[in-house]
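What follows is one structure encoded as structure tokens, with my remarks underneath.
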């Protein structure tokens, strides 16, 4: 079940990742942020948090690249996606196109 909460402020709709949640039937009350929003959050924080040498947007702004797969798995993957295998991350990317 997908639930979308929208909060209006300053005449606009807040569409941050925290407002898009996936309700899990196996764990009542537990929510998971949807993968595309987690991905965008990670890429948005890459430069400001100093890990853009590991993963970043490409200059066109429509594509991203994992520059250092080993460090990505070791330091970033679990933090943003609660995964430990790069292959799982790739499968999630394939689900969303």
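Residue numbers (the numbering used here): 965 to 1061. Note that beta-carbon positions come from the ideal geometry of N, C-alpha and C, so glycine has one too.
Looking at the DSSP output, residue 1029 sits in a beta bridge with 1020.
By the neighbour-count criterion, in which 16 or more other beta carbons inside 10 Å mark a residue as buried, residue 1057 falls on the exposed side.
Contact between residue 1007 and residue 1019 holds: their C-beta atoms lie close to 7 Å from each other, under 8 Å. Bounds of the alpha helix (DSSP H) holding residue 1052 are 1050 to 1059. Taking 8 Å as the upper bound for CB-CB distance, residue 1050 and residue 1059 are not in contact here, some 15 Å apart.
In the three-state reduction of the DSSP assignment, residue 999 falls in the helix class. Collapsing the DSSP output to three states places residue 1008 in a helix.
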